[in-house]
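Written below as structure tokens is the structure these notes are about.
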Amino acid sequence: MPTFTAAELDRLAASTHEAGHAIAAVVLGGRVDTVILDDQHPRTEYVDLAAGTRSAVTFAGPWAETRWTMGRTPTPADMRRSFARNGSDDQSLCAAGGWHQGGHVAPLLERCWPAVKELAKTLYFAGSASHADVCAALGLPEGDNGGPGSLSLAMIRAGSSPGSFTVGTVRHD
1331 MPTFTAAELD RLAASTHEAG HAIAAVVLGG RVDTVILDDQ HPRTEYVDLA
1381 AGTRSAVTFA GPWAETRWTM GRTPTPADMR RSFARNGSDD QSLCAAGGWH
1431 QGGHVAPLLE RCWPAVKELA KTLYFAGSAS HADVCAALGL PEGDNGGPGS
1481 LSLAMIRAGS SPGSFTVGTV RHD
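Following this line, the structure appears as structure tokens:
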């Protein structure tokens, strides 16, 4: 088993955190501009977020980081500690009415956990990721760029795990 330095562990945590934001944003119908992993201010920048999803997307970053750090689904106590470490996410959720406002995204993130890890790996090694990278991590079929009209994303939101279904072309003969 490899041994990681403290800096490498911090980078892994940050990449998983940002991957959580990006995966949630896209699955919930938004579009990511870029995900940037740097030492000063890792961040996920959006072209747009679907209406009513900001709290869930904000919650997703600390949830993913905590899920990776703990190696299991985070408890409410784990999340309180995580928000204490992630001040900007905590402030955003408090402004929305409390950190519980985004908590409904946790089951979706659990289903998408392999995609979160895949995107985190891309971020860790490349330092950035695009909307196309997020779609690839989710296993969206060629030509499916996400968005509110994506059948694949609707399947994931409805309870399917990414990669557990195929979306084919409908023929009208």
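Residue 1331 is where the sequence shown starts when you use the working numbering, and the numbers rise one by one after that. Heads up, the beta-carbon is just placed ideally off N, CA and C, and yes, glycines get one too. The model shown is predicted, which means the values in this text are computed figures rather than measured ones.
Spell out the partners DSSP gives A1459 in its beta bridges.
To locate residue 1459, count along the sequence shown from 1; it is residue 129. Partner(s): V1365.
What first and last residue would you give for the alpha helix (DSSP H) that runs through V1387?
Residue numbering aside, residue 1387 sits at position 57 when the sequence shown is read from its first letter. Here the alpha helix (DSSP H) through V1387 covers R1384 to M1400.
Alpha carbons only, please: which of M1485, H1347, L1453 and F1413 is nearest the one belonging to E1395?
Within the sequence shown, the letter at position 65 stands for residue 1395. Out of M1485, H1347, L1453 and F1413, H1347 has the C-alpha closest to the C-alpha of E1395.
From the DSSP output, in three-state form, read off D1378 for me.
As a first step, residue 1378 is located in the sequence shown; it is residue number 48 there, counting from the start. Strand, per DSSP.
Just to confirm before moving on: does the CB-CB distance between V1435 and I1353 stay below 7 angstroms?
Indexing the sequence shown from 1 puts residue 1435 at position 105. Indexing the sequence shown from 1 puts residue 1353 at position 23. In this structure, I1353 does not lie closer than 7 angstroms to V1435 by Cβ.
Around the Cβ of R1384, are there at least 16 other Cβ atoms within 10 angstroms (buried) or fewer (exposed)?
If you number the sequence shown from 1, residue 1384 lands on position 54. R1384 should be labelled buried.
Would you say V1377 and A1355 are within 7 angstroms of each other, going by their C-beta atoms?
On the sequence shown, position 47 is the one that residue 1377 refers to. On the sequence shown, position 25 is the one that residue 1355 refers to. No, they are not a contact pair.
Identify the continuous alpha helix (DSSP H) that holds G1350 and give its terminal residues.
In the sequence shown, the residue the question calls residue 1350 occupies position 20. Where G1350 is concerned, the enclosing alpha helix (DSSP H) stretches over A1336 to V1357.
Let me confirm a value: D1463 is counted as buried when at least 16 other C-beta atoms fall within 10 Å, else exposed. Which label applies?
Along the sequence shown, read from residue 1 onward, the residue named residue 1463 stands at position 133. Burial call: buried.
So R1487 and L1438 are supposed to be a Cβ contact under 8 angstroms. How far apart are they, rounded?
Position 157 of the sequence shown, counting from 1, holds the residue named residue 1487. Position 108 of the sequence shown, counting from 1, holds the residue named residue 1438. About 7 angstroms separates the two Cβ atoms, so the contact holds.
I need the straight-line Cα distance from A1344 to V1497, nearest angstrom please.
Taking the first residue of the sequence shown as 1, we reach residue 1344 at position 14. Taking the first residue of the sequence shown as 1, we reach residue 1497 at position 167. Whole-angstrom Cα-Cα distance: 33 angstroms.
Under DSSP, the alpha helix (DSSP H) around F1495 begins and ends at which residues?
Here residue 1495 corresponds to residue number 165 of the sequence shown, with the count starting at 1. Run containing F1495: none; DSSP gives neither H nor E here.
Check for me: the alpha helix (DSSP H) holding D1474 runs from which residue to which?
Taking the sequence shown and counting its residues from 1, one reaches residue 1474 at position 144. Counting along the chain, D1474 falls outside any alpha helix (DSSP H), and DSSP gives it neither H nor E.
May I have the straight-line CA-CA distance separating S1480 from R1361, to the nearest angstrom?
Locating residue 1480 in the sequence shown gives position 150, counting from the first residue. Locating residue 1361 in the sequence shown gives position 31, counting from the first residue. So the two alpha carbons sit approximately 12 angstroms from each other.
Relative to the C-alpha of L1358, which residue among T1452, N1475 and L1367 is closest?
As a working note, residue 1358 is residue 28 in the sequence shown. Closest option to L1358, Cα to Cα, is N1475.
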